[in-house]
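Engineer: If you're matching them up, the sequences are chains A and B in order.
Numbering follows the working numbering, in which position 89 of the first sequence is assigned residue number 89; successive positions increment by one, without gaps.
Numbering follows the working numbering, in which position 109 of the second sequence is assigned residue number 1109; successive positions increment by one, without gaps.
All C-beta atoms, glycine included, are put in the ideal place defined by N, C-alpha and C.
Nothing here was measured: the structure is a model prediction, and the numbers come from that model.
Below you will find the structure I want to go over with you.
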Amino acid sequence: RKEVEQDPGPFNVPEGATVAFNCTYSNSASQSFFWYRQDCRKEPKLLMSVYSSGNEDGRFTAQLNRASQYISLLIRDSKLSDSATYLCVVSQGAQKLVFGQGTRLTINP
Amino acid sequence: DAGITQSPRHKVTETGTPVTLRCHQTENHRYMYWYRQDPGHGLRLIHYSYGVKDTDKGEVSDGYSVSRSKTEDFLLTLESATSSQTSVYFCATAKGGTSVVGEQFFGPGTRLTVL
């Protein structure tokens, strides 16, 4: 079983729609949680951290459920520029990260 | 963004040849990492370094070695390349210390093809 599992998609949604991704992790000792974004043929970049209380950054909302060991990302009012692969990432400390395989999102005009 | 460069950016080589990939950073970050990215697997950690001359294995270290003789450079060597090592290789850095755990900065990647 992979340590971090994501639905690989692809998700194809119209511009302006709301889209949500989930991710599950297997190690209950995981300490920190993140979403990274990776554009086609580019390097990953940190999108946002995920806190137990949930957090929001503009149109993006991240939630963490430690009891069920899942993380979610909600994108509201999606834009064409949101098209990318979204990577769910978990840290078990010591500055080491475990990446999910990513969920590919395409926003259609 | 952290100044991270990788060289070469593209390489085609033959099975059995040695290959060295270089990662160079200008941000004085303590931690450096080598990942490979393959379809269906996502990013997997090969080796990482937590300081000069301090390195450790990641989840897919077999067939790879690393060296870090200076803060700014982290080398990844494939001693004898195999076709299964065809992949995109990313270098990353992290500040360490009290910085945000989990914020890693990635280089642009190296596409390696082993024929």
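1) Give a yes or no on whether the minimum CB-CB distance between P1108 (chain B) and chain A is below 8 Å.
2) What number of angstroms, rounded off, separates the C-alpha of F11 (chain A) from the C-alpha of K1053 (chain B)?
3) For V88 (chain A) versus I71 (chain A), is the C-beta spacing smaller than 8 Å?
4) Quick one: what does DSSP say Q69 (chain A) is sitting in, helix, strand or coil?
5) With a 10 Å radius around its C-beta and 16 neighbouring C-beta atoms as the bar for buried, classify E138 (chain A) as buried or exposed.
6) Take the Cβ of T1017 (chain B) as the centre, count every other Cβ of all protein chains shown within 10 Å, and call the residue buried at 16 or more, exposed below.
7) Are the stretch 57 to 70 of chain A and the stretch 16 to 34 of chain A touching by the rule of at least three beta carbon pairs closer than 8 Å?
8) Since Q101 (chain A) meets chain B, which of its residues come closer than 7 Å, beta carbon to beta carbon?
9) Which of the three DSSP states, helix, strand or coil, is assigned to S1080 (chain B)?
10) Which first and last residues belong to the beta strand (DSSP E) in which V1060 (chain B) is found?
Structural biologist: Quick answer:
1) Answer yes: the Cβ-Cβ gap between P1108 (chain B) and chain A drops below 8 Å somewhere.
2) 43 Å
3) According to the sequence as given, residue 88 (chain A) is Cys; it is not Val. Cβ atoms of C88 (chain A) and I71 (chain A): closer than 8 Å.
4) coil
5) Nothing about residue 138 (chain A) can be reported from this structure: the residues present for chain A run from 1 to 109 only.
6) Exposed, since its Cβ has fewer than 16 Cβ neighbours within 10 Å.
7) yes
8) G1040, H1041 and G1042
9) In the three-state DSSP reduction, S1080 (chain B) falls in the coil class, being neither helix nor strand.
10) DSSP places V1060 (chain B) in no beta strand (DSSP E); its state is neither H nor E.
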